[in-house]
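What follows is a single structure, written as structure tokens, with notes after it.
Number of protein chains: 2
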Amino acid sequence: MPWPDRRFTELLKIDHPIVLGPMAGAIDFELAAEVAEAGGLGSIPCAMLDLEHIRDQVTKYRARTSRPLNLNFFCHAAPELSNAREAAWRERLAPYYRELNIDPAAPVPHSNRRPFDQAICDLVLELKPEVASFHFGLPDPTLFEQVKRAGIITFSSATTVAEARWLEQRGVDAIIAQGNEAGGHRGIFLSDDIATQPGTFALVPQIVDAVSVPVIAAGAVTDARGIAAAFMLGASAVQIGTAFLFCPESKISAPYRAALKQARDDGTALTNLMTGRPARGLINRLMRELGPISEAPAFPLAAGAIAPLRAKAEAAGSGEFTPLWSGQAAALGVEMPARALMARLTEQAQALLR
Amino acid sequence: MPWPDRRFTELLKIDHPIVLGPMAGAIDFELAAEVAEAGGLGSIPCAMLDLEHIRDQVTKYRARTSRPLNLNFFCHAAPELSNAREAAWRERLAPYYRELNIDPAAPVPHSNRRPFDQAICDLVLELKPEVASFHFGLPDPTLFEQVKRAGIITFSSATTVAEARWLEQRGVDAIIAQGNEAGGHRGIFLSDDIATQPGTFALVPQIVDAVSVPVIAAGAVTDARGIAAAFMLGASAVQIGTAFLFCPESKISAPYRAALKQARDDGTALTNLMTGRPARGLINRLMRELGPISEAPAFPLAAGAIAPLRAKAEAAGSGEFTPLWSGQAAALGVEMPARALMARLTEQAQALLR
Numbered sequence: 040m041p042w043p044d045r046r047f048t049e050l051l052k053i054d055h056p057i058v059l060g061p062m063a064g065a066i067d068f069e070l071a072a073e074v075a076e077a078g079g080l081g082s083i084p085c086a087m088l089d090l091e092h093i094r095d096q097v098t099k100y101r102a103r104t105s106r107p108l109n110l111n112f113f114c115h116a117a118p119e120l121s122n123a124r125e126a127a128w129r130e131r132l133a134p135y136y137r138e139l140n141i142d143p144a145a146p147v148p149h150s151n152r153r154p155f156d157q158a159i160c161d162l163v164l165e166l167k168p169e170v171a172s173f174h175f176g177l178p179d180p181t182l183f184e185q186v187k188r189a190g191i192i193t194f195s196s197a198t199t200v201a202e203a204r205w206l207e208q209r210g211v212d213a214i215i216a217q218g219n220e221a222g223g224h225r226g227i228f229l230s231d232d233i234a235t236q237p238g239t240f241a242l243v244p245q246i247v248d249a250v251s252v253p254v255i256a257a258g259a260v261t262d263a264r265g266i267a268a269a270f271m272l273g274a275s276a277v278q279i280g281t282a283f284l285f286c287p288e289s290k291i292s293a294p295y296r297a298a299l300k301q302a303r304d305d306g307t308a309l310t311n312l313m314t315g316r317p318a319r320g321l322i323n324r325l326m327r328e329l330g331p332i333s334e335a336p337a338f339p340l341a342a343g344a345i346a347p348l349r350a351k352a353e354a355a356g357s358g359e360f361t362p363l364w365s366g367q368a369a370a371l372g373v374e375m376p377a378r379a380l381m382a383r384l385t386e387q388a389q390a391l392l393r
Numbered sequence: 040m041p042w043p044d045r046r047f048t049e050l051l052k053i054d055h056p057i058v059l060g061p062m063a064g065a066i067d068f069e070l071a072a073e074v075a076e077a078g079g080l081g082s083i084p085c086a087m088l089d090l091e092h093i094r095d096q097v098t099k100y101r102a103r104t105s106r107p108l109n110l111n112f113f114c115h116a117a118p119e120l121s122n123a124r125e126a127a128w129r130e131r132l133a134p135y136y137r138e139l140n141i142d143p144a145a146p147v148p149h150s151n152r153r154p155f156d157q158a159i160c161d162l163v164l165e166l167k168p169e170v171a172s173f174h175f176g177l178p179d180p181t182l183f184e185q186v187k188r189a190g191i192i193t194f195s196s197a198t199t200v201a202e203a204r205w206l207e208q209r210g211v212d213a214i215i216a217q218g219n220e221a222g223g224h225r226g227i228f229l230s231d232d233i234a235t236q237p238g239t240f241a242l243v244p245q246i247v248d249a250v251s252v253p254v255i256a257a258g259a260v261t262d263a264r265g266i267a268a269a270f271m272l273g274a275s276a277v278q279i280g281t282a283f284l285f286c287p288e289s290k291i292s293a294p295y296r297a298a299l300k301q302a303r304d305d306g307t308a309l310t311n312l313m314t315g316r317p318a319r320g321l322i323n324r325l326m327r328e329l330g331p332i333s334e335a336p337a338f339p340l341a342a343g344a345i346a347p348l349r350a351k352a353e354a355a356g357s358g359e360f361t362p363l364w365s366g367q368a369a370a371l372g373v374e375m376p377a378r379a380l381m382a383r384l385t386e387q388a389q390a391l392l393r
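So the protein sequences, as listed, match chains A and B.
Residues are numbered in this note's numbering as their position in the first sequence, beginning at 1, plus a constant of 39.
Residues are numbered in this note's numbering as their position in the second sequence, beginning at 1, plus a constant of 39.
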């Protein structure tokens, strides 16, 4: 049975209008290839990978499947290091360092979230993914033009109608309408006001009315009801993240997986503590005690001083210092292999839409 | 054509599963009767009416239509007056008083939002509306039992799954799942943490899974796409507020109407400044300059000292001190009489669901 809106599936030449949410640090080529083989769009999150690892991931994906591939990149402005903010941040975290027996004076690792630059662009032009998708706006226009001229389909996330219009004017081929319910980093880039971010139910139809490119609904699309509802709101596809974290193919830590299984509808919040930018995650001790929103170094620098705490806590089975990115509908998630989940989602959604 | 889920329409003996959002201060019997005559459930907001006016409104409604009636009440705990908080609040507002040439020392009016009490209960038992609906939880159990024993159908709003379960355990007949996108006061009553409030898209299916009574989806349901999407998410009905503010039968001020016509998806925020409780409205000067969330007297006392500012500003054509309650999808609203709007919504939604 065909989907009611085929603009997206025809653009991508895939069976089902489902994009795997590119969750950096949580999934890799394996889950992406499974989703692709099941007829969706496989996504490899590249924001935390260096060039060599991006190449390796794409090679492994191509060895598993001949279906289209989406490579996802962050395109934030590289931050300026502020010694004062960094010192204040380490001061706030010092009690946790002491509690976990970590030397508060030890150097912290650099955050490895690299914005899309010429070197990455060159690699993308060589690897030729069918899709390049971006978060936090778009790369520098000269880079974006190179991607487009290579015939690569482009997506980016909009958290408001204004952002969707901005992206369409610059030539993206599809827009991810990222509702406030979505897990992980808000793609917000024309504003920093998270108090006014629209929910999925409000955002999707308003973006659909404002742009002519296909709209991919994201944010709390976790089961077949969400897929069917997104189509009713006018979306041409959905992007599903959190639901795939439950798959055995996801690469999340044991404490993260355990927290997801106990997720509640009211158990997440937006926090900037983990990286410096607002992102939705399951509430843990760090968020409860220092935030969830508070002063922190600029993105992605805040993550540096968190890393030792996270590593030590996770080794002891605790996710209290881990970014537990999750949307607001994680409680609808079911544990099953990605291919089975895709079959369940598509069959049930098509039944609802019939 | 029948609706895909008829639990709600059969419970209420109405044609269409659409509840008029009971927007206190913004609508009255006239809009309610029009919605009822068009086959929806007419709602009269009673939270800001005294006993005499409630009786008058019901009499006028009954004279216009023989269809079922929903009377809506607030059931907050009556606040304790804090002289210190009141003084601090008047101090913060003093610059605006001076700017608008109002004596900052003049006594302020009392807020007229009265919680559901025995006197109101007696009147309800006499007036026998088909439905009594509540906001901020439920009234005192002895009062709630009297309403139920009289055979009146009861609704209340849940902003989380926990609240929905709490309401079902106490015997409500239907639950309004109030997503974070909704305009006006959050119904939140088991918590005061607005940072964790789920959006409509996340909340509706999770409440549907948690309770066995019919669920009424609320929050950004503004056009036919929203109605169809709510059904896909598992709702048995929708509650629509903001869309009806555009009708000529609504009783909003000229500045409020003008602000709605210019509404944007990212133009609202939750604020506690207008009444002391968080509510979603179009952002105006008071919200921008003092909030949108800040220290204010307990609900509904904050409204007292706002009233003179609002009155003076509105008289000069300004809504900068008016509570401009609105959901996040006001931009989808269309100006037309309530009966025509009902016809449009139901025909288009049924076409989408076909």
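Where is the CB? At the ideal position from N, CA and C, for every residue including glycine.
What separation, rounded to the nearest whole angstrom, lies between the Cα atoms of residue 174 (chain B) and residue 257 (chain A)?
By 1-based counting over the second sequence, the position of residue 174 (chain B) is 135. By 1-based counting over the first sequence, the position of residue 257 (chain A) is 218. Going by the C-alpha atoms only, they are around 30 angstroms apart.
Tell me, please, whether the CB atom of residue 218 (chain A) is closer than 8 angstroms to any CB atom in chain B?
As a working note, residue 218 (chain A) is residue 179 in the first sequence. It does: the Cβ of residue 218 (chain A) has a partner Cβ on chain B nearer than 8 angstroms.
Inter-residue Cα distance where the pair is residue 359 (chain A) and residue 44 (chain A):
Locating residue 359 (chain A) in the first sequence gives position 320, where the first residue counts as 1. Locating residue 44 (chain A) in the first sequence gives position 5, where the first residue counts as 1. The alpha-carbon atoms of residue 359 (chain A) and residue 44 (chain A) are separated by roughly 42 angstroms.
Which partner residues does residue 373 (chain B) have in the DSSP bridge list?
In the second sequence, residue 373 (chain B) corresponds to position 334, counting from 1. Residue 373 (chain B) is not bridged to any residue.
Could you tell me whether the stretch 161 to 175 of chain B touches the stretch 104 to 122 of chain B, where touching means 3 or more Cβ pairs closer than 8 angstroms?
yes
Can you say whether residue 49 (chain B) is buried or exposed, counting buried as having 16 or more other CB atoms within 10 angstroms of its CB?
Looking up residue 49 (chain B) in the second sequence gives position 10. Under this definition residue 49 (chain B) is an exposed residue.
For residue 110 (chain A), which beta-bridge partners are listed by DSSP?
The count along the first sequence starts at 1 and reaches residue 110 (chain A) at position 71. Its beta-bridge partners are A:83 and A:171.
Cβ neighbour criterion (16 or more within 10 Å) applied to residue 120 (chain B):
One-based indexing of the second sequence puts residue 120 (chain B) at position 81. Exposed.
Per-residue burial, residue 349 (chain A) [other beta carbons within 10 Å of its own, 16 or more giving buried]
Reading the first sequence from its first residue, position 310 is the one you call residue 349 (chain A). Under this definition residue 349 (chain A) is a buried residue.
Who are the neighbours of residue 371 (chain B) on chain A, taking C-beta pairs under 8 angstroms?
Here residue 371 (chain B) refers to the residue found at position 332 when the second sequence is read from its first residue. The contacting residues are 244, 245 and 248.
Taking the alpha helix (DSSP H) that residue 307 (chain B) belongs to, which residues open and close that run?
Here residue 307 (chain B) refers to the residue found at position 268 of the second sequence. It is not in any alpha helix (DSSP H) - residue 307 (chain B) instead sits in the beta strand (DSSP E) that spans 307 to 310.
Does any residue of chain D have a CB that is nearer than 8 angstroms to the CB of residue 200 (chain B)?
Among the chains of the structure shown, chain D does not appear; the protein chains present are A and B.
Since residue 217 (chain B) sits in a beta bridge, which residues does DSSP pair it with?
As a working mapping, residue 217 (chain B) is identified with position 178 in the second sequence. Answer is B:257.
In whole angstroms, give me the CA-to-CA distance for residue 216 (chain A) and residue 181 (chain B).
Numbered from 1 along the first sequence, position 177 holds the residue referred to as residue 216 (chain A). Numbered from 1 along the second sequence, position 142 holds the residue referred to as residue 181 (chain B). Residue 216 (chain A) and residue 181 (chain B): Cα-Cα distance of roughly 47 angstroms.
Span separating the alpha-carbon of residue 124 (chain B) from that of residue 378 (chain A):
In the second sequence, counting from the first residue as 1, residue 124 (chain B) sits at position 85. In the first sequence, counting from the first residue as 1, residue 378 (chain A) sits at position 339. Computed Cα separation, rounded: 58 angstroms.
Delimiting residues of the alpha helix (DSSP H) encompassing residue 74 (chain B):
In the second sequence, counting from the first residue as 1, residue 74 (chain B) sits at position 35. Residue 74 (chain B) -> alpha helix (DSSP H) spans 68 to 76.
Completely contained beta strand (DSSP E) runs for the stretch 255 to 300 of chain A, where each covers 3 or more residues:
276 to 279
Does any C-beta atom of chain A lie closer than 8 angstroms to the C-beta of residue 239 (chain B)?
Counting from one through the second sequence, the residue named residue 239 (chain B) turns up at place 200. Yes, its Cβ sits closer than 8 angstroms to a Cβ of chain A.
Hey, does residue 385 (chain A) have any beta-carbon neighbour from chain B nearer than 8 angstroms?
Indexing the first sequence from 1 puts residue 385 (chain A) at position 346. So, not an interface residue.
Endpoints, the beta strand (DSSP E) within which residue 246 (chain B) is located
On the second sequence, residue 246 (chain B) is found 207 positions in, with the first residue counted as 1. Where residue 246 (chain B) is concerned, there is no enclosing beta strand (DSSP E), although the alpha helix (DSSP H) it sits in stretches over 239 to 249.
Measure the CB-CB distance between residue 370 (chain B) and residue 157 (chain A) and report whether it falls below 8 angstroms.
Counted from its first residue, the second sequence places residue 370 (chain B) at position 331. Counted from its first residue, the first sequence places residue 157 (chain A) at position 118. Contact: no.
Return helix, strand or coil for residue 390 (chain A), following the three-state DSSP convention.
To locate residue 390 (chain A), count along the first sequence from 1; it is residue 351. It is helical.
Taking only the alpha-carbon atoms, compute the straight-line gap between residue 391 (chain A) and residue 64 (chain B) and give it to the nearest angstrom.
As a working note, residue 391 (chain A) is residue 352 in the first sequence. As a working note, residue 64 (chain B) is residue 25 in the second sequence. Rounded to the nearest angstrom, the two C-alpha atoms are 39 angstroms apart.
Heavy atom of the ligand ADP less than 7 angstroms from the Cβ of residue 174 (chain A), yes or no?
Because no ligand of any kind appears in the structure shown, any question about the ligand ADP cannot be addressed here.
With distances taken from CA atoms, which of B:100, B:299 and B:208 is nearest residue 67 (chain B)?
Within the second sequence, residue 67 (chain B) is the residue found at index 28, counting from 1. Among B:100, B:299 and B:208, the Cα nearest to that of residue 67 (chain B) belongs to B:100.
Range covered by the alpha helix (DSSP H) that runs through residue 201 (chain B)
Taking the second sequence and counting its residues from 1, the one referred to as residue 201 (chain B) is at position 162. Counting along the chain, the alpha helix (DSSP H) containing residue 201 (chain B) begins and ends at 200 to 208.
For a contact meaning CB atoms closer than 9 angstroms, what does residue 258 (chain A) contact in chain B?
The residue given as residue 258 (chain A) occupies position 219 in the first sequence. The answer, in chain order, is 238, 240 and 241.
Flag this pair as touching only if the stretch 121 to 141 of chain A and the stretch 331 to 338 of chain A have three or more C-beta atom pairs under 8 angstroms; answer yes or no.
yes
Kindly list, in the order they appear in chain B, the residues whose Cβ is closer than 7 angstroms to that of residue 62 (chain A).
Taking the first sequence and counting its residues from 1, one reaches residue 62 (chain A) at position 23. Within 7 angstroms Cβ-Cβ: nothing; residue 62 (chain A) doesn't reach chain B, min ~18 angstroms.
Report the residue from A:56, A:135, A:94 and A:90 whose alpha carbon sits nearest the alpha carbon of residue 77 (chain A).
Translated into the one-based positions of the first sequence, residue 77 (chain A) becomes position 38. Here the closest residue by C-alpha is A:56.
When burial is assigned at 16 or more other CB atoms within 10 Å of the CB, is residue 90 (chain A) buried or exposed?
For the purposes of this step, residue 90 (chain A) is identified with residue 51 of the first sequence, where counting begins at 1. That one is exposed.
Please name the residue, chosen from B:189, B:279, B:199 and B:366, that lies closest to residue 306 (chain A) on a Cα-to-Cα basis.
Taking the first residue of the first sequence as 1, we reach residue 306 (chain A) at position 267. Residue 306 (chain A) has its Cα closest to that of B:199, out of B:189, B:279, B:199 and B:366.
May I ask you to verify whether the stretch 143 to 159 of chain B touches the stretch 80 to 95 of chain B, counting CB pairs closer than 8 angstroms and requiring at least 3?
yes
Exposure label - residue 367 (chain A); buried when at least 16 CB within 10 Å
On the first sequence, position 328 is the one that residue 367 (chain A) refers to. Counting Cβ neighbours within 10 Å, residue 367 (chain A) comes out buried, since at least 16 surround it.
Is there contact between the stretch 267 to 274 of chain B and the stretch 258 to 267 of chain A, where contact requires at least three CB pairs shorter than 8 angstroms?
yes
Does DSSP put residue 104 (chain B) in a helix, in a strand, or in coil?
Stepping through the second sequence from its first residue, residue 104 (chain B) is reached at position 65. The answer is coil: DSSP assigns residue 104 (chain B) none of H, G, I, E or B.
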